[in-house]
Ligand SMILES: [Ca+2]
Ligand SMILES: [Ca+2]
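In mature numbering (1 follows the signal peptide of the UniProt record, and there is no 0), the protein residues as written are -21 to -1, 1 to 384.
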């Protein structure tokens, strides 16, 4: 048997040798520089330790010789045991440095594969994830900030403090929070970092029905990862989720509207249509030279649209998105068709968000290991005639990959 094997190997070697010499004879007139294969070497620490939901940075030292002009591909993976009990490779990252974060305390064998052309090099490390002693909830239940834009359903809180206190109660109980029209926002915090799971959507924004005529309308989302771990969403930690509308020419970045408090003693300026109770109700100006007034409708003439605790004017900011709105009542302003957006927003058919859609101020993609804070704000500015303003109503945000307890 052994002899036979030896003979086979010898034969194979001969065949390969012949094949090579044949190739050589065909190309012997072309003089080429010898091409050297890339040589990859990886230095990776043997072990890491971290608590669940904390991020540890795994930064390997990778050197590539003869790799000029070639792209190195990185793949981080770990073994995950499925429901069938079979352990499979699960990809957890594709950049050189891995920001490792996981919801479960366990030992993880983490493999790195570096590929340059056909050359593949692997290295492994072990991450020990320990319990943090804390319990976590799937929903973002801590209110950080809230300020609605004017709307027929604005609640008349006396002070900012009261507005925050009452809205915190609504967030805890999953009750509706009225955001109003353009710029109205709510900021909530999770009790853990929602992991940016590789290749998957990570959290979902649930909105409540505003009214039977204008049920849902899209809202924009911004996220913050508490990179400096001070427990605060700092200005430079915010990134916008660039949904399906973000790069469209009709989208206005850095848009600002300043709303003016209505004068309670002013005589209403009635319009030509019966529902136009006061067409000069809340004057507004924007930072693009535009201006106008929000109309108080006849149905809502007893409602105070302007947040009572705000000063004489206030300004709200964000990306302004164009939403298709069509009067289908022959200009009577009584019936409208309102469009929607495809992905990357709350108040749409599928309001699940992938943290990988986050972009910086210049619209450049950023890679966040997860998010601690989510801001939901109204990015449309439309009125639906007698149905009043197109407004949005927040309900809750929850982590889509939160482990079952
Ligand atoms: Ca993700
Ligand atoms: Ca921070």
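Idealized CB from N, CA, C, for every residue including glycine.
What you are looking at is a predicted structure, and each value in this text was computed from that prediction instead of being measured.
Check: By DSSP, does residue 1 sit in helix, in strand, or in coil?
Finding: Legend: pLDDT at residue 1 = 47, less than 50; position of this residue unreliable, value from coordinates given subsequently. Residue 1: helix per DSSP, three-state reduction.
Note to self: Nearest by alpha-carbon distance to residue 208: which of 33, 222, 27 is it?
What the structure shows: 33
Check: Does the beta carbon of residue 211 fall short of 6 Å from some heavy atom of ligand 2?
Finding: yes
Notebook entry, point to check: Helix, strand or coil: which one does DSSP assign to residue 134?
Noted result: coil
Check: So, using beta-carbon positions, are residue 20 and residue 50 closer together than 7 Å?
Finding: no
Next item on the list: List in chain order the residues whose CB is within less than 7 Å of at least one heavy atom of ligand 1.
Entry: 175, 176, 177, 178, 179, 180, 181, 333, 334, 335
Next item on the list: Return helix, strand or coil for residue 20, following the three-state DSSP convention.
Entry: strand
Check: Pairing CB atoms from the segment 362 to 380 with CB atoms from the segment 113 to 125, are three or more of them under 8 Å?
Finding: yes
Next item on the list: Label residue 366 either buried or exposed according to how many other C-beta atoms from any shown protein chain fall within 10 Å of its C-beta, with 16 as the threshold for buried.
Entry: buried
Notebook entry, point to check: Hey, which unbroken runs of the beta strand (DSSP E) at 3 residues or more fall wholly within the segment 294 to 364?
Noted result: 304 to 306, 315 to 317, 349 to 356
Item checked: Residue closest to residue 352, alpha-carbon to alpha-carbon, out of 26, 132, 170 -> 170
Notebook entry, point to check: Since residue 150 is in the alpha helix (DSSP H), which residue starts that stretch and which ends it?
Noted result: 139 to 152
Next item on the list: Check residue 266 in the structure and name its three-state DSSP category.
Entry: coil
Note to self: So, with DSSP's three-state summary, where would you put residue -14?
What the structure shows: Here residue -14 scores only 46 on pLDDT, less than 50, and its place in the model should not be relied on; the value that follows carries that caveat. If DSSP states are grouped into helix, strand and coil, residue -14 belongs with the helices.
Checklist line | Inside the segment 146 to 213 only - beta strand (DSSP E) runs reaching at least 3 residues | finding: 156 to 159, 164 to 174, 182 to 187, 199 to 203
Note to self: For the structure I just gave you, are there three or more beta carbon pairs, one from the segment 272 to 279 and one from the segment 245 to 262, closer than 8 Å?
What the structure shows: yes
Next item on the list: Would you be able to state if there are at least three C-beta pairs under 8 Å between the segment 164 to 178 and the segment 353 to 361?
Entry: yes
Note to self: Check whether the segment 193 to 206 and the segment 304 to 314 touch, using three or more Cβ-Cβ pairs below 8 Å as the test.
What the structure shows: no
Next item on the list: Please confirm whether any heavy atom of ligand 2 lies closer than 6 Å to the CB of residue 124.
Entry: no
Margin query: How far does the beta strand (DSSP E) with residue 105 in it extend, from its first residue to its last?
Written below: 98 to 109
Notebook entry, point to check: Cβ of residue 140 versus every heavy atom of ligand 2: is any distance shorter than 6 Å?
Noted result: no
Margin query: Using only CA atoms, which one of 127, 349, 228 lies nearest to residue 286?
Written below: 127
Next item on the list: Inspect the beta-carbon positions of residue 231 and residue 340 and report whether they are closer than 7 Å.
Entry: no
Checklist line | Coarse secondary structure for residue 283, derived from DSSP in three states | finding: coil
Margin query: For residue 290, report the span of its beta strand (DSSP E) as first-last.
Written below: Taken as a continuous stretch (DSSP letters only), residue 290 belongs to no beta strand (DSSP E), as it is neither H nor E.
Next item on the list: Could you spell out where the beta strand (DSSP E) holding residue 90 opens and where it closes?
Entry: 85 to 95
Next item on the list: Quick one: using the 10 Å Cβ neighbour count with 16 as the cut-off for buried, is residue 279 buried or exposed?
Entry: buried
Notebook entry, point to check: In this structure, does DSSP put residue 216 in helix, strand or coil?
Noted result: helix
Next item on the list: Scan the segment 60 to 87 and note each continuous beta strand (DSSP E) run of 3 residues or more that stays entirely inside, going in chain order.
Entry: 66 to 72, 77 to 79
Notebook entry, point to check: In chain order, what residues of the same chain have a beta carbon less than 6 Å from the beta carbon of residue 185, not counting five sequence neighbours either side?
Noted result: 374, 375
Check: To the nearest whole angstrom, what separates the beta carbons of residue 223 and residue 321, a pair I think is in contact under 8 Å?
Finding: 4 Å
Next item on the list: Put residue 366 into one of helix, strand or coil per three-state DSSP.
Entry: helix
Note to self: Between which residues of its own chain and residue 328 is the CB-CB distance below 8 Å, once the five residues before and five after are set aside?
What the structure shows: 319
Item checked: Cα-Cα separation between residue 123 and residue 216, rounded to whole angstroms -> 15 Å
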